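In this note's numbering, the protein residues as written are 3 to 397. From the three backbone atoms N, C-alpha and C, an ideal C-beta is built for every residue, glycine too. As the structure is a computational prediction, the values presented were derived from the model and not from experiment.
1. Would residue 368 and residue 347 qualify as a contact pair, given that the criterion is a beta-carbon distance under 8 angstroms?
2. Are the Cβ atoms of residue 8 and residue 97 separated by less than 8 angstroms?
3. Per DSSP, residue 344 is paired with what?
4. Sort 339, 350 and 300 by Cα distance to residue 322 and report the nearest one.
5. With residue 86 and residue 66 assumed to form a contact (beta carbons below 8 angstroms), what rounded beta-carbon distance in angstroms separates them?
6. Hey, quick one: how far does the alpha helix (DSSP H) through residue 84 stretch, first residue to last?
7. Residue ranges of each alpha helix (DSSP H) run of no fewer than 4 residues wholly in the region 198-270, ordered along the chain?
8. Compare the C-beta of residue 77 with all C-beta atoms of chain B and state if any pair is closer than 8 angstroms.
9. State yes or no: is the C-beta of residue 51 within less than 8 angstroms of the C-beta of residue 99?
10. Out of 133, 117, 360 and 375, point me to the one whose CA is closest to residue 270's CA.
11. Mapping the DSSP letters down to three states, classify residue 6 as helix, strand or coil.
12. State the CB to CB distance for the pair residue 207 and residue 170, rounded to an integer number of angstroms; the pair is presumed to be in contact (CB under 8 angstroms).
13. So, are the CB atoms of residue 194 and residue 114 less than 8 angstroms apart?
14. Quick one: grab the DSSP three-state call for residue 291.
15. Where does residue 388 fall in DSSP's three states?
16. Do you know offhand how far residue 234's Cα is from residue 258's?
17. My output table needs one value for residue 71: the three-state DSSP class, helix, strand or coil.
18. Where residue 229 and residue 4 are concerned, what is the direct C-alpha to C-alpha distance, given to the nearest angstrom?
19. For residue 146, write down the residues that DSSP places opposite it in a beta bridge.
20. Using 8 angstroms as the Cβ pair cut-off and three pairs as the minimum, do the region 272-291 and the region 306-315 touch?
21. Do residue 205 and residue 107 have their C-beta atoms within less than 8 angstroms of each other?
22. State the CB to CB distance for the pair residue 137 and residue 155, rounded to an integer number of angstroms; the pair is presumed to be in contact (CB under 8 angstroms).
23. Suppose the cutoff is 6 angstroms on Cβ atoms and the five residues either side in sequence are ignored; what does the same chain contact list for residue 353 look like?
24. Please determine, among 62, 338, 291 and 296, the residue with the shortest C-alpha to C-alpha distance to residue 319.
25. Nearest to residue 298 by CA position, among 248, 315 and 275, is which residue?
26. Kindly indicate the opening and closing residues of the alpha helix (DSSP H) around residue 107.
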């Protein structure tokens, strides 16, 4: 689970890591926010940065981080806040933060190196940049320090990294203390990532200009401080899927995927693209969710797709049970678009009979199922704005 910037900075501040002074405001009419950008900017000295609180990178490039000044007739705090709240990005809150004058900007993060089974501290003297692009073009600019989980971060490792970043004097000790605090947060909150970018080097010390914290979803049963809310997701379907524990990704194509098995779902995703189709959503209802066909189809139907492609291969997740679930879902939900089914695996014969009895044509070749779905999406046949009644392998 990703935290919003203001949540990450709350953790930083509690851990003793300095952050800019800030005020969180909500949209007009929202009682949880200050709702007054002008007042917030004035409290911060008349100059501030308005930062849209959404879970995505590159906010500055998308115009979601804006510098504002009090007293301006146009482009002032209130106008910019209204512009952000009314944008298509569905901004729930804005962090109004004081401007920071920095001598330098650093990059600092701790993540997991799954291959080496260690934590990995990443740091660079080039902060405030796209770290992925920096890794591609100038990999030598990124310092990497592996840290054994069972041993933890050593003080000498933190000090050595400070020297690598060309920090001097009191800043070396300050950086070592900051990194130790960041490490403690990483462990305490079962994080997959903690990041400060940029880390401002100022005349007064080190200040976390931005913050990211991503908590391992598998640890949420014990990380009770933060809960997933609708604001963490781009669509209702994504949020509802997360509540069910169903792996789901939202896209904007024509074919809704409803597959069992993460590897199979990814393979079908690739096959659709190879055939020239586009994906409306990725949904994987295998494993412990193979009895949730109805709920899975409900999520798919929230998309403006042209066809639902169901591909499964069940071993423990039985094919006959999934087929029964699909037929029940069609009967109760009465989908307004064609359905393609390719359900294989344990008790496949019973699954085939269930599908045929329901008027469906069971397919047994995944690539053929993909081709049919892509062809239907390409035809785009509609009846009063809805997909035409099914034929052949469709329900």
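The structure says:
1. Against the chain shown, residue 368 aligns to sequence position 366. Against the chain shown, residue 347 aligns to sequence position 345. The answer is no: Cβ separation not under 8 angstroms.
2. Within the chain shown, numbered from 1, the residue matching residue 8 stands at position 6. Within the chain shown, numbered from 1, the residue matching residue 97 stands at position 95. In contact: residue 8 and residue 97 (Cβ atoms closer than 8 angstroms).
3. The residue you call residue 344 lines up with position 342 of the chain shown. Residue 344 is bridged to 313.
4. In the chain shown, residue 322 corresponds to position 320, counting from 1. Considering only alpha carbons, the answer is 350.
5. Counting from 1 along the chain shown, the entry for residue 86 is found at position 84. Counting from 1 along the chain shown, the entry for residue 66 is found at position 64. 7 angstroms between Cβ atoms; contact.
6. What you label residue 84 is simply residue 82 of the chain shown in a count that begins at 1. Element bounds for residue 84: 79-87.
7. 238-246
8. No chain B is present in this structure, which holds just one protein chain.
9. For the purposes of this step, residue 51 is taken as the residue at position 49 of the chain shown. For the purposes of this step, residue 99 is taken as the residue at position 97 of the chain shown. Closer than 8 angstroms, so yes.
10. Your numbering for residue 270 matches position 268 in the chain shown. Nearest of 133, 117, 360 and 375 to residue 270, Cα basis: 375.
11. Here residue 6 refers to the residue found at position 4 of the chain shown. Here residue 6 sits in coil by DSSP.
12. For this step, residue 207 is matched to residue 205 along the chain shown. For this step, residue 170 is matched to residue 168 along the chain shown. With 8 angstroms as the limit, residue 207 and residue 170 do not qualify as a contact, their Cβ atoms being about 13 angstroms apart.
13. Position 192 of the chain shown, counted from the first residue, corresponds to residue 194. Position 112 of the chain shown, counted from the first residue, corresponds to residue 114. A contact, by the Cβ cut-off of 8 angstroms.
14. Your numbering for residue 291 matches position 289 in the chain shown. In the three-state reduction of the DSSP assignment, residue 291 falls in the helix class.
15. Position 386 of the chain shown, counted from the first residue, corresponds to residue 388. Confidence at residue 388 is low in this model, with a pLDDT of 38, below 50, so the placement of that residue is unreliable and no value is reported for it.
16. Taking the chain shown and counting its residues from 1, one reaches residue 234 at position 232. Taking the chain shown and counting its residues from 1, one reaches residue 258 at position 256. If I take the Cα positions, the gap works out to 22 angstroms.
17. In the chain shown, the residue the question calls residue 71 occupies position 69. If DSSP states are grouped into helix, strand and coil, residue 71 belongs with the strands.
18. If you number the chain shown from 1, residue 229 lands on position 227. If you number the chain shown from 1, residue 4 lands on position 2. Cα to Cα, the separation comes out at about 10 angstroms.
19. Translated into the one-based positions of the chain shown, residue 146 becomes position 144. Residue 146 is bridged to 124.
20. yes
21. Taking the chain shown and counting its residues from 1, the one referred to as residue 205 is at position 203. Taking the chain shown and counting its residues from 1, the one referred to as residue 107 is at position 105. No. Outside cutoff.
22. For the purposes of this step, residue 137 is taken as residue 135 along the chain shown, with counting starting at 1. For the purposes of this step, residue 155 is taken as residue 153 along the chain shown, with counting starting at 1. Actually they do not touch by this definition, with Cβ atoms about 22 angstroms apart.
23. For the purposes of this step, residue 353 is identified with residue 351 of the chain shown, where counting begins at 1. Cβ neighbours of residue 353 beyond the five flanking positions: 321, 322, 325 and 345.
24. Start at 1 with the first residue of the chain shown, and residue 319 comes out as number 317. Nearest option by C-alpha distance: 291.
25. Within the chain shown, numbered from 1, the residue matching residue 298 stands at position 296. Its Cα nearest to that of residue 298, the residue 248 stands out among 248, 315 and 275.
26. Within the chain shown, residue 107 is the residue found at index 105, counting from 1. Here residue 107 belongs to no alpha helix (DSSP H); instead the beta strand (DSSP E) covers 106-115.
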